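Residue numbering for the sequence shown follows this note's numbering, starting at 26 and increasing by one per position.
All C-beta atoms, glycine included, are put in the ideal place defined by N, C-alpha and C.
This one's a predicted model, so the numbers in the text were calculated from it and none came from an experiment.
Report on the following structure.
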Amino acid sequence: NWTTTNVVEEQIAAIREQVGDKRAICGLSGGVDSAVAAALVQKAIGSQLTCVYVDHGLMRKGETEQVEKDFVAATGAKLKVVDAEKRFLDALAGVSDPEQKRKIIGREFIRVFEQAQLEILQEDGPEVAFLVQGTLYPDVVESGGGTGTANIKSHHNVGGLPDDIEFQLVEPLRQLFKDEVRMVGQELGLPEEIVQRQPFPGPGLGIRIVGEVTKDRLDLLREADAIAREELTAAGLDRDIWQCPVVLLADVRSVGVQGDGRTYGHPIVLRPVSSEDAMTADWSRLPYETLAKISTRITNEVADVNRVVLDVTSKPPGTIEWE
Ligand code: XMP
């Protein structure tokens, strides 16, 4: 019979059997799946696991700290954090096209992650043979069911390693749906903020700035986003909405009046949606008081923002994200 305790015990036994006395690497994204997969493997093989977190500088306020502090405190996992903010910002400089941004972020991510893998391999040697992934049951079905291996190619000028390293995949969530993964995460003692986290895109805030991505714009958006999240949580609305992208229209300015004079600032878009699976979505009918609070706080507290607008488009025709 299905209980989270049974799932945890079965998976721990299976992971121990698969990995033996070898070592494993797990990439953390800040999301639920990778955190729960890593926590399970940590419970099974302890210090044979090394987690890697690539800080691309595109996360929301507090999220990197959540991984660095809260995840580590809850699991005791060994974590390698790669501070790659400058590298990502340099690669994104001057780029406004959404697809181009996605490609750059994806490419840099793989390079940085592979480099970190190679460093761990150099430290720990060929004992590192496994890569942990938070693949869920719906991903398995969608991709045709195969399980397998992952390659990294040592094209990074790190000497002393074979040309092509193959990892075996460890996928302890392969039989689970999202809500079951959350229950397992809870059972493993992960913090509520990680277990109940709403979907957030891999390219992060990089695709929530319409226009070029810069450090200043990211900082501004992080403030606005943190306010929106704070007020939605305070109003008890987190479970009612699927997610609420907060978008900075960096290339748009409008006239406003604040304090002594006229301003010429940027609009922030709120995009709260309800959805079952993100394939279709409807705009969330949030209470006016909550919207008013968010708007007042953002325009008061975030410099250079003088207008907050609400996106009332369903999907289709609008996507959930603006880019
Ligand atoms: P759209 O904007 O296509 O988004 O309606 C559907 C869902 O996918 C998320 N999303 C992404 N997730 N990498 C991701 O990991 C991406 O590049 C990406 N783009 C969109 C989005 O947040 C929503 O939940």
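*Taking 7 Å as the cut-off, does the CB of Pro224 come closer than this to any heavy atom belonging to the ligand XMP?*
yes
*Tell me whether Ala62 counts as near the ligand XMP, meaning its Cβ is closer than 7 Å to at least one heavy atom of that ligand.*
no
*Closer than 8 Å by C-beta to Lys47: which residues in its own chain qualify, once you throw out the five before and the five after it? Chain order, please.*
Gln73, Glu152, Val153, Ala154, Phe155
_Under 7 Å: does the beta carbon of Gln221 sit that close to some heavy atom of the ligand XMP?_
Answer for Gln221: no, Cβ out of range of the ligand XMP.
*Examine the ligand XMP and report whether any of its heavy atoms sits within less than 7 Å of the Cβ of Gln125.*
no
*Quick one: does the C-beta of Gly227 sit closer than 7 Å to a heavy atom of the ligand XMP?*
yes
*Could you say which of Val61, Gln221, Gln36 lies nearest to Gly210 if we only look at CA atoms?*
With distances taken between CA atoms, Gly210 lies nearest to Val61 out of Val61, Gln221, Gln36.
*Are the stretch 128-136 and the stretch 76-87 touching by the rule of at least three beta carbon pairs closer than 8 Å?*
The stretch 128-136 is in contact with the stretch 76-87.
*Just to confirm, does Gln268 get its C-beta within under 7 Å of one of the non-hydrogen atoms of the ligand XMP?*
yes
*Are the beta-carbon atoms belonging to Leu245 and Val334 less than 8 Å from one another?*
No, the Cβ-Cβ distance between Leu245 and Val334 is not below 8 Å.
*Could you tell me which of Val157, Val33, Ile40 sits nearest to Ser54, measuring between CA atoms?*
Val157
_Among Thr29, Asn31, Gln36, the one whose alpha carbon lies nearest that of Val195_ = Gln36
*C-alpha gap between Leu274 and His291, whole angstroms*: 6 Å
*Give me the Cβ distance between Glu256 and Thr315, rounded to the nearest whole Å; I'm assuming they're in contact under 8 Å.*
Beta-carbon to beta-carbon, Glu256 and Thr315 are separated by about 6 Å, close enough to satisfy the 8 Å threshold.
*asked:* Using a 10 Å radius around the Cβ and a threshold of 16 neighbouring Cβ atoms, would you call Gly119 buried or exposed?
replied: exposed
*Does the beta carbon of Ile345 fall short of 7 Å from some heavy atom of the ligand XMP?*
Yes - the ligand XMP has a heavy atom lying nearer than 7 Å to the Cβ of Ile345.
*Output the boundary residues of the alpha helix (DSSP H) element that contains Gln36.*
29-44
*Use the C-beta contact count for Ser320: other C-beta atoms within 10 angstroms, 16 or more gives buried, fewer gives exposed.*
buried
*Does the Cβ of Thr75 have 16 or more other Cβ atoms within 10 Å, making it buried, or fewer, making it exposed?*
buried
*State yes or no: is the C-beta of Ala303 nearer than 7 Å to some heavy atom of the ligand XMP?*
Yes, the Cβ of Ala303 comes within 7 Å of a heavy atom of the ligand XMP.
*State the CB to CB distance for the pair Ile40 and Ala64, rounded to an integer number of angstroms; the pair is presumed to be in contact (CB under 8 Å).*
Their Cβ separation, rounded to whole angstroms, is 11 Å, which puts Ile40 and Ala64 out of contact at 8 Å.
*Are Pro11 and Ala328 close, meaning C-beta to C-beta below 8 Å?*
Within the shown structure, residues of the chain are numbered from 26 to 348, placing residue 11 beyond reach of any answer.
*Between the Cα of Arg222 and those of Ile266, Ile234, Gly231, spot the shortest distance and give me the residue it belongs to.*
Ile266
*Kindly provide the ranges of any beta strand (DSSP E) runs that are 3 or more residues long and lie completely inside the stretch 170-231, ordered along the chain.*
174-178, 189-195
*asked:* Is Lys340 close to the ligand XMP? I mean its beta-carbon at under 7 Å from any heavy atom of the ligand.
replied: yes
*Delimiting residues of the beta strand (DSSP E) encompassing Asn331*: Residues 330-335.
_Outcome for Glu217 when other beta-carbon atoms lying within 10 angstroms are tallied against a minimum of 16_ = exposed
*Helix, strand or coil for Leu311, going by three-state DSSP, please let me know.*
The answer is coil: DSSP assigns Leu311 none of H, G, I, E or B.
*Continuous beta strand (DSSP E) stretch holding Arg48: start and end*: Under the DSSP assignment, Arg48 falls in the beta strand (DSSP E) whose first and last residues are 48-53.
*Kindly identify the DSSP beta-bridge partner or partners of Ile293.*
DSSP lists Leu273, Val333 as the bridge partner or partners of Ile293.
*Thr338 versus Ala102 - alpha carbon distance*: Distance from the CA atom of Thr338 to the CA atom of Ala102, rounded to whole angstroms, is 42 Å.
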